[in-house]
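By my numbering, the letter at position 220 of the sequence shown is numbered 304, and the numbering carries on one by one without gaps. Ideal Cβ placement from N, Cα and C applies to all residues, glycine included. Read the structure below first, then the notes.
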Amino acid sequence: MKQKLKMDSKQKIKVSIVRCSSYDKASVAKAIKQSLENIGFETKKYKNKKVLIKPNILGSYHPSKAITTHPEIVFSVAKIFKEADAEVDVGESFNPFGIKLSDSFKKTGIQSAAEKAGAKVVHFLSNDAKEWHNEKNEVLKKVRLPKQLNDYDLIVNLPKMKTHSLVRYTGAVKNTFGFVPGGQKPTYHVVGKNEQKFSKMILDIYQTIPNMNLNIIDGIIGLEGEGPGTAGRPKKSNLIICSENALAADIVAAEIMCFKDDEVLTNKFGKERNLVGEIETVGEKIKDVKINFKKANSSIGGIIPIIAPFFFKIVAKRPFIHQEKCKRCQACVKICPPKAMSFDKNKKKVCINKKECIMCYCCSEICPYDAITLEQSKLAKTLIKIKNRIMGE
Ligand code: SF4
Ligand code: SF4
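Dropping the structure here:
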């Protein structure tokens, strides 16, 4: 595995803070260029190299909702690397609840932004994932991530600046959770069953990803309140924060958003793991750009770690085999990672052991005959309706 940028605790790491008050093409391009100059990042080093841009594509949301990375940021960054003659992909893993990734790429505007810049859109499907081992990890010694991540010379992380109901803040380090394939996100929520454990698990995922050496946080319009999704509210903050070190970028962003020191546990534990050194800010000063983000309601935040694992397990879509379409080719049986699928010779049909199924959706993605769809139970549909009513969605 190629190594990520290693930090010495004595090494100063630059974090750029640049004001940018609109998503107008020229303003964003100028701010991104300035950010890279501030940290001394040279794109020309990536001539003829492979670069992956990883935006935050939480789901099928219009950019005006401020849930996903704005397409203008994706366009600007992709264009800068294309101009440096790099081979540029814009990629994301499958969404957790069976939302089609192609729909999310389109609705967020990221598909057309990538294509306009000459970049290729890449869907990391669940059957492209492999287990990555990292002995330094605390919660997950093995992490399922796209195997293609090793093919890139640089991963450019483009998170959104948001508050989060479970881990208070989400930015550069948390954006790596998006790489976890499809239906396995709920499984990982079950593993990281409280704020502390979930934060450590996120750090494990971050530590496992190779070559993620550029992070640009979209804080022009962030999200406050009950983020990271539709229950949050857009917050104009007019900033772009950039660093080679994801944790350094997050520490600065959290301070700007008026979080107390070490209130964000990924920042606290990341410092304890020596993943960040001394920080030097370049550009604007933190005290001049501080903006009070409304935090997620602590009572809701307190309940979420308790109910989230159950909620996710219940509402996640499950594979359903349409026997009338099935041609018994057994491609799904071969690919199923936990061997939850089998061919019943007596009944002459493919079956799923629900208890063993980890909801990775590999079977649905691989079936050449569209015989496996992802379905939600009646209970799940009812629960989602109740949740949407409470959240006003
Ligand atoms: S891959 Fe599709 S067609 Fe082949 S056995 Fe599985 S469900 Fe049937
Ligand atoms: S049946 Fe197997 S391949 Fe299909 S979702 Fe479950 S674990 Fe994944």
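- For the 8 Å CB-CB criterion, L323 and I340 form a contact.
- DSSP places C447 in the uninterrupted alpha helix (DSSP H) bounded by C446 to I450.
- Taking C-beta atoms under 8 Å as the contact rule, K409 and D454 qualify, at a distance of about 6 Å.
- Taking 8 Å as the cut-off, the Cβ atoms of N299 and S327 count as close.
- Residue pairing for N437: DSSP places it in no beta bridge.
- For S283, the three-state secondary structure derived from DSSP is helix.
- Remark: the shortest separation between the CB of I436 and any heavy atom of ligand 2 falls under 7 Å.
- The criterion of a C-beta distance shorter than 8 Å is satisfied by T247 and L307.
- Within the chosen limit of 7 Å, ligand 1 does not reach the beta carbon of R402 with any heavy atom.
- Non-local C-beta neighbours of D169 in its own chain, meaning closer than 7 Å and more than five positions away in sequence, comprise K131 and N132, ordered along the chain.
- Its Cα nearest to that of Q280, the residue E347 stands out among E347, F404, N241 and F343.
- The three-state reading of DSSP puts S321 in strand, counting E and B together.
- The distance from the Cβ of C416 to that of C451 is about 6 Å, consistent with a contact at the 8 Å cut-off.
- For F404, the uninterrupted beta strand (DSSP E) segment begins and ends at R402 to I405.
- Sequence-distant Cβ neighbours of G124 in its own chain, meaning closer than 8 Å and more than five residues away, are K98.
- Assignment of N122 by DSSP, reduced to helix, strand and coil, places it in the helix class.
- Rounded to whole angstroms, the gap between the alpha carbons of F189 and V112 is 20 Å.
- One alpha carbon belongs to K128, the other to D237, and they sit about 13 Å apart.
- Inter-segment contact for the region 137 to 146 and the region 255 to 269 is present: three or more beta-carbon pairs are separated by less than 8 Å.
- Shown here, E215 sits in a strand according to DSSP, grouped into three states.
- Collapsing the DSSP output to three states places P265 in coil.
- With 16 or more other Cβ atoms inside 10 Å of its own Cβ, D302 counts as buried.
- Residue side-chain check: P421 places its Cβ nearer than 7 Å to a non-hydrogen atom of ligand 2.
- When the Cα atoms are used, Y145 and T153 turn out to be separated by approximately 10 Å.
- Close CB contacts of D428 within its chain, under the 8 Å cut and outside five residues either way in sequence, are with V434 and C435 (chain order).
- Residue range L238 to L242 is occupied by the beta strand (DSSP E) that includes V240.
- Residue pairing by DSSP places P139 opposite L242 in a beta bridge.
- DSSP places T314 outside both helix and strand once states are collapsed to three, so it counts as coil.
- Under the three-state reduction of DSSP, I300 is assigned to strand.
- The closest heavy atom of ligand 1 lies less than 7 Å from the beta carbon of C451.
- Between the alpha carbons of C104 and L242 lies a gap of roughly 16 Å.
- In this structure, the straight-line span from the alpha carbon of E215 to that of V360 is close to 26 Å.
- Bridge partners of S144 according to DSSP: none are assigned.
- With a contact defined as Cβ atoms closer than 8 Å, I293 and L229 qualify at about 7 Å.
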